[in-house]
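Chemist:
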């Protein structure tokens, strides 16, 4: 599975739930699940390496995420952040919670020792029985920047500080041309039974993963079917501000438009199939005419069980039942 | 003043209290106090730059130190440290408290941006009206290591983890030969009315400051008298484990032995005068025979007022009343 942060985490909980309830003769309850996670939102902040999407997914799978607030750790406190504010250090609009800082500091210490990010993620995730292997898309630093009329911002500044309200003219993945897929990424794609594209932000989450040289070609050549799930329902994004990202690259905020932007695998794109919401059932022919198998199903992720149903519908499009 | 950590902080509180109560015609209530602080105990720990002596002094002068525990911030908590332990990250015997981490993270962020340590210290200390200017002895990294029969350890590992219980064969300041005094250090010594040497660890606090090229010669040439205060009372160290450090360099744990090891300024050493405890009054002639003016006075630092009395006694030895 290719995944961004919070949206990717919800879908991934569904994948895990699906595997746990699936009969052993489908992909089965002993299915191996690998998530290839966007690292374009990562950044250095006051000397610490922050990896928001990897953390969101790790916390959600571990069951230590704050489901009310929608991000970070449950039971979080801000003792350290209050100190940082007293010194005007860091970004006041990007709060580093105390529990969250544990991960940031452990990660940073290991990175400074020369441990690659993928190995850092393995150490961090080993704390809990996640049932999913998390891989950063790349061990290299290739951070997304946002071009606006008044200059270029780091993605986090645009997204978290400005809530994507400054019109984006485009996105730039700095350092991406020399980035390589993290160890295990292309092998996971090559050996997969099925590749799922989560209903994450198509531009700055999935698109950023696809921008890393080698990942798009691994998707092109894998024997596994590639099935995407729409994060747009009835012409609106389910969560986040993906519409601002789609506008910036000239793509309509519509489930069929995103599928056509991903493109059909048999003509140089990434998708064999695309699952849309039942609200968008009328768009199925438009997607199919682009060479992408399509269907519509209830797509609201309201918990592990409904998410597993969505996963089952996506897998059905790939012939897995 | 040259100072180490907790012991230096107590003495420095006395210097500040002395200045506040002094008549304007002595050095006076508007005396400018500069502390040149040991940085040999500093270290990188899980990607963070830790400066224990500078922090101990900053917290004590700001009144936010934990006087019961004897180190760190009052009202401290360990939420982050518990996370780090869950990941086995860092050194479990060196606890990074939540409030304390605020300073470590702010410092590290600024250092990573290229701000020199002395400027970082200025930013951190600007939060409180300390009444004392803190200068790191050097902006360069020159950390003390301890040679033992079973190998070399970082000073903090020897001191904090092993409580200095492994016999030290000697000390090594890695990188000291290319270290330079921090901006302001030699000027402070040259322009001082009096230089005080705190009753800190003579080997790994004061000795480490003196090991930085340029500081010893600035002491040699200043017009100001240099007055030291003994941290050894009646043949025992007041606090800490300085005896283990003195043994390692073949110096007896005795107030007169330390004075002679510092040496008389008029014969290549650093001291013009040396204040010892009343318990050590019998040692005054031995110190004076080494060319160092000496006297004995009550040396227990039991609070700002008694500490100010000790400072007054030290200044009296320099002719300041």
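Protein chains in written order, with the working numbering: chain A, 1 to 321; chain B, 322 to 642.
Where is the CB? At the ideal position from N, CA and C, for every residue including glycine.
Going along the chain, which residues of its own chain have a beta-carbon closer than 8 Å to the beta-carbon of residue 489/B, five neighbours each way excluded?
Modeler: The sequence position of residue 489/B within the second chain is 168, counting from 1. So the list reads 467, 468, 469, 479, 565, 566, 568 and 569, once near-sequence residues are dropped.
Chemist: Check this for me: beta carbons of residue 338/B and residue 352/B, under 7 Å apart or not?
Modeler: As a position in the second chain, residue 338/B is number 17, starting the count at 1. As a position in the second chain, residue 352/B is number 31, starting the count at 1. No, the Cβ-Cβ distance between residue 338/B and residue 352/B is not below 7 Å.
Chemist: Pull up the distance between the alpha-carbon of residue 611/B and that of residue 584/B, whole angstroms please.
Modeler: Translated into the one-based positions of the second chain, residue 611/B becomes position 290. Translated into the one-based positions of the second chain, residue 584/B becomes position 263. About 7 Å.
Chemist: Measuring only the C-alpha atoms, how far is residue 475/B from residue 464/B?
Modeler: In the second chain, the residue the question calls residue 475/B occupies position 154. In the second chain, the residue the question calls residue 464/B occupies position 143. Straight-line Cα distance between these residues: approximately 8 Å.
Chemist: Taking residue 580/B as the reference, which of 560/B, 397/B and 547/B has the closest Cα?
Modeler: As a working note, residue 580/B is residue 259 in the second chain. Closest option to residue 580/B, Cα to Cα, is 547/B.
Chemist: If you run the structure through DSSP and keep just helix, strand and coil, what is residue 423/B?
Modeler: Locating residue 423/B in the second chain gives position 102, counting from the first residue. It is helical.
Chemist: Please state the DSSP three-state secondary structure of residue 454/B.
Modeler: Stepping through the second chain from its first residue, residue 454/B is reached at position 133. Residue 454/B: strand per DSSP, three-state reduction.
Chemist: Three-state secondary structure (DSSP) at residue 151/A?
Modeler: Here residue 151/A refers to the residue found at position 151 when the first chain is read from its first residue. Strand, per DSSP.
Chemist: Using 7 Å as the threshold, is the C-beta distance between residue 424/B and residue 377/B below it?
Modeler: Translated into the one-based positions of the second chain, residue 424/B becomes position 103. Translated into the one-based positions of the second chain, residue 377/B becomes position 56. Going by C-beta atoms, residue 424/B is not nearer than 7 Å to residue 377/B.
Chemist: Is residue 138/A near residue 181/A, with beta carbons less than 7 Å apart?
Modeler: Looking up residue 138/A in the first chain gives position 138. Looking up residue 181/A in the first chain gives position 181. Taking 7 Å as the Cβ cut-off, residue 138/A and residue 181/A qualify as a contacting pair.
Chemist: Could you name the residues of the same chain whose beta carbon sits closer than 6 Å to that of residue 367/B, not counting the 5 residues immediately before and after it, in chain order?
Modeler: Within the second chain, residue 367/B is the residue found at index 46, counting from 1. Excluding sequence neighbours, residue 367/B sits near 410 and 411.
Chemist: Helix, strand or coil for residue 340/B per DSSP?
Modeler: The count along the second chain starts at 1 and reaches residue 340/B at position 19. Helix at residue 340/B.
Chemist: Can you pull the DSSP bridge partners for residue 615/B?
Modeler: For the purposes of this step, residue 615/B is taken as the residue at position 294 of the second chain. The partner list for residue 615/B (beta bridge, DSSP) reads 595/B.
Chemist: Using a beta-carbon distance cut-off of less than 7 Å, what residues from the region 392–415 of chain B approach chain A?
Modeler: Taking 7 Å as the Cβ-Cβ cut-off against chain A, the residues of the region 392–415 of chain B that qualify are 398, 400, 401, 404, 405, 407, 408, 410 and 411.
Chemist: Got a sec? Which residues, its chain only, sit under 7 Å from residue 416/B by beta carbon, not counting five neighbours each side?
Modeler: As a first step, residue 416/B is located in the second chain; it is residue number 95 there, counting from the start. Same-chain partners within the cutoff: 399 and 402.
Chemist: Just to confirm my understanding: we take residue 327/B, look at its own chain, exclude 5 residues before and 5 after, and list those with CB closer than 8 Å. What are they?
Modeler: For the purposes of this step, residue 327/B is taken as the residue at position 6 of the second chain. Within the same chain, residue 327/B has close Cβ partners 377, 381, 391, 392, 560 and 561.
Chemist: Anything in chain B within Cβ reach of residue 127/A, meaning under 7 Å, just list it in chain order.
Modeler: Walking along the first chain from the start, residue 127/A turns up at place 127. Ordered by position in chain B, the residues that pass the 7 Å Cβ test against residue 127/A are 407 and 408.
Chemist: Given a threshold of 16 other Cβ atoms within 10 Å of its Cβ, counted over all protein chains shown, does residue 395/B qualify as buried or as exposed?
Modeler: Along the second chain, read from residue 1 onward, the residue named residue 395/B stands at position 74. That one is exposed.
Chemist: Could you give the C-beta distance for residue 365/B and residue 106/A, rounded to a whole number, given that I count them as a contact under 8 Å?
Modeler: Within the second chain, residue 365/B is the residue found at index 44, counting from 1. Within the first chain, residue 106/A is the residue found at index 106, counting from 1. In fact, because the Cβ distance is near 14 Å, the residues do not count as touching under 8 Å.
Chemist: How many Å lie between residue 134/A and residue 318/A at the Cα?
Modeler: Here the question's residue 134/A lines up with position 134 in the first chain. Here the question's residue 318/A lines up with position 318 in the first chain. Using only the alpha carbons, I get a separation of about 23 Å.
Chemist: One question on the structure: do residue 211/A and residue 173/A come within less than 7 Å of each other, judged by their Cβ atoms?
Modeler: Indexing the first chain from 1 puts residue 211/A at position 211. Indexing the first chain from 1 puts residue 173/A at position 173. Contact: yes.
Chemist: Mapping DSSP to helix, strand and coil, what is residue 311/A?
Modeler: Your numbering for residue 311/A matches position 311 in the first chain. Three-state result, residue 311/A: helix.
Chemist: How many Å lie between residue 430/B and residue 375/B at the Cα?
Modeler: Here the question's residue 430/B lines up with position 109 in the second chain. Here the question's residue 375/B lines up with position 54 in the second chain. One C-alpha to the other measures close to 17 Å.
Chemist: Kindly say whether residue 433/B, judged by its beta-carbon, lies nearer than 7 Å to any beta-carbon of chain A.
Modeler: Within the second chain, residue 433/B is the residue found at index 112, counting from 1. Residue 433/B counts as touching chain A.
Chemist: Taking DSSP as the reference, what is the three-state secondary structure of residue 587/B?
Modeler: As a working mapping, residue 587/B is identified with position 266 in the second chain. Three-state result, residue 587/B: helix.
Chemist: Is DSSP giving residue 238/A helix, strand or coil here?
Modeler: Mapped onto the first chain, residue 238/A falls at position 238. In this structure, residue 238/A counts as coil in the three-state DSSP scheme.
Chemist: Do you know how far the Cα of residue 520/B is from the Cα of residue 42/A?
Modeler: Residue 42/A sits at position 42 when you count from the first residue of the first chain. Residue 520/B sits at position 199 when you count from the first residue of the second chain. Spanning the two alpha carbons is a distance of roughly 47 Å.
Chemist: Kindly indicate which residue of 122/A, 63/A, 2/A and 35/A has the alpha-carbon position closest to the one of residue 304/A.
Modeler: For the purposes of this step, residue 304/A is identified with residue 304 of the first chain, where counting begins at 1. Of 122/A, 63/A, 2/A and 35/A, the residue nearest in Cα terms is 63/A.
Chemist: Near residue 452/B, what residues of its chain come up, given a Cβ to Cβ distance below 6 Å and the 5 sequence neighbours on each side ignored?
Modeler: If you number the second chain from 1, residue 452/B lands on position 131. If we look at residue 452/B and ignore the five residues flanking it on each side, its Cβ neighbours are 337.
Chemist: Over the uninterrupted alpha helix (DSSP H) stretch that includes residue 35/A, give me the two end residues.
Modeler: Against the first chain, residue 35/A aligns to sequence position 35. Unbroken run through residue 35/A is the beta strand (DSSP E), 34–37; no alpha helix (DSSP H).
Chemist: Within 10 Å of its beta-carbon, does residue 236/A have 16 or more other beta-carbons around it, so buried, or fewer, so exposed?
Modeler: Taking the first residue of the first chain as 1, we reach residue 236/A at position 236. Residue 236/A comes out exposed.
Chemist: Just curious, the beta strand (DSSP E) that residue 489/B is in, first and last residue?
Modeler: Here residue 489/B corresponds to residue number 168 of the second chain, with the count starting at 1. Element bounds for residue 489/B: 489–495.
Chemist: Give the DSSP-derived three-state secondary structure of residue 1/A in the structure shown.
Modeler: For this step, residue 1/A is matched to residue 1 along the first chain. Correct three-state label for residue 1/A: coil.
Chemist: Taking Cβ positions, are residue 450/B and residue 439/B nearer each other than 7 Å?
Modeler: Locating residue 450/B in the second chain gives position 129, counting from the first residue. Locating residue 439/B in the second chain gives position 118, counting from the first residue. It is not a contact, given that the beta carbons lie outside the stated cut-off.
Chemist: Taking the C-alpha atoms as reference points, what is the distance between residue 166/A and residue 492/B?
Modeler: Within the first chain, numbered from 1, the residue matching residue 166/A stands at position 166. Within the second chain, numbered from 1, the residue matching residue 492/B stands at position 171. About 57 Å.
Chemist: How long is the line joining the alpha carbons of residue 35/A and residue 2/A, rounded to whole angstroms?
Modeler: As a position in the first chain, residue 35/A is number 35, starting the count at 1. As a position in the first chain, residue 2/A is number 2, starting the count at 1. Straight-line Cα distance between these residues: approximately 6 Å.
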